[in-house]
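Please read the structure below before turning to the comments.
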Amino acid sequence: MSQDFNITLGDIGFDYTSQVKEHVSRCNVCGSSRSIVISRKDRYGLDVSACLCLGCGLVYLSPRMTVEGYRVFYQKYYRPLVSYYLKQKIDTATIIAGQRQYARELFGWIERYLSPSKDVLEILDVGGSTGVVTKVFKENLEALGFSVKATVIDPSPEELAVAKMSGLETIEGLVEEKNIHKRRWDIVLLCQTIDHLMDVAKTIIAIRSSLRERSLFFVDIVDWEYVVRRKGVQDSLKIDHPFNFTRQTAIPFLEGKGFRIVSESVLSDGHLIGLLCAKAEERPSSFSPGHAEFLLSLIREKQALSQ
Ligand SMILES: [Zn+2]
């Protein structure tokens, strides 16, 4: 895990400049077209442009690679790029240990909010990687006497192969392209994934449609404000996060899409905010009017310090 892993960006062979790009004209969270470019480099040193939405404070990449570009990116370049940045080999084997600890913490928190009315529980883990989190949930729920059917959606065939070996149903691809709303689930997990999505609004709407009345939906965000305070602007941005949320953007967004927050927790490593949600009536999102301005002043302060 801690072995040195010294490679250069060139060794990875990922050519960002030649990738097909698309402009994002409206904020996927609040719909505003008012935004400001805050950086043209990401933490890997790639020429990635990031914008701050002046409507809600969402930070998003634009222009960005297309869905097809990201599909290839996740299959071939993502883990090597993270390994390059962290100077430590990150692959299927190394991520399992960290995910197991995360999963135990998560289950220990969420368990008390489960009030299922049936004995067979269906779990969907969106962006579930090797299925570690799902498996921990499945094992713990089975120990409580439930039968569990668990499904993982992920774009990485290599990681899904591990999930399949754990007895989980696997669906390869991006969630935006899968009709998850055609099935019903008791627990939907979107763990460390929302920032990686290509269409957050579409995904959240589909997830809500896939819930039963007493279902629970768990989502966590990397708290972008926390990261930018600690690491500065460029190091807070990465090609694999088309979206970057703060608590003030995530909660009104979820409420506006028909969720209520059942419980909220900062997960133990500090940079993740977990939100446990249930279905509720849709209501207009009430984004904090001063949040984008506040973030912009924080960005300017951090950029001034780094010059
Ligand atoms: Zn917005």
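In this text, residue positions in the sequence shown follow numbering that gives the first Met the number 0: the first is 0, and each later residue adds one. Just so it is clear, CB atoms sit at the ideal spot from N, CA and C, and this is done for glycine as well. It should be emphasised that the depicted structure is a prediction, and the values quoted were computed from it without experimental measurement.
- For N139, the three-state secondary structure derived from DSSP is helix.
- Residues of the same chain with a CB within less than 8 Å of the CB of Q98, apart from the 5 flanking positions on each side, are S128, T129, V131, V132 in chain order.
- Shortest Cα-Cα distance from D124 to any of D185, K88, F72 involves D185.
- C52 sits away from S82, with the two beta carbons spaced by 8 Å or more.
- One residue list follows from the rule of a beta carbon closer than 5 Å to any heavy atom of ligand 1, given in chain order as C26, V28, C29, S31, C52, G54, C55, L57.
- Around the beta carbon of E121, 16 or more other beta carbons sit within 10 angstroms, so the residue counts as buried.
- I193 sits close to I220, with the two beta carbons spaced by under 8 Å.
- At a Cβ-Cβ threshold of 8 Å, R103 and D90 do not count as neighbours.
- By the Cβ rule, the segment 55-69 counts as touching the segment 283-300, because three or more pairs are nearer than 8 Å.
- Listed in chain order, the alpha helix (DSSP H) elements of length 4 or more contained wholly in the segment 231-284 are 246-255.
- According to the DSSP assignment, V58 belongs to the beta strand (DSSP E) that extends over 58-60.
- Annotation for D46: Y15, T16, R39, K40 place their beta carbon closer than 8 Å to its own, counting only its chain and skipping 5 residues before and after.
- Cα atoms of D239 and K117: separation of roughly 38 Å, rounded to the nearest angstrom.
- With contacts defined by Cβ atoms closer than 8 Å, T202 and E224 do not form a contacting pair.
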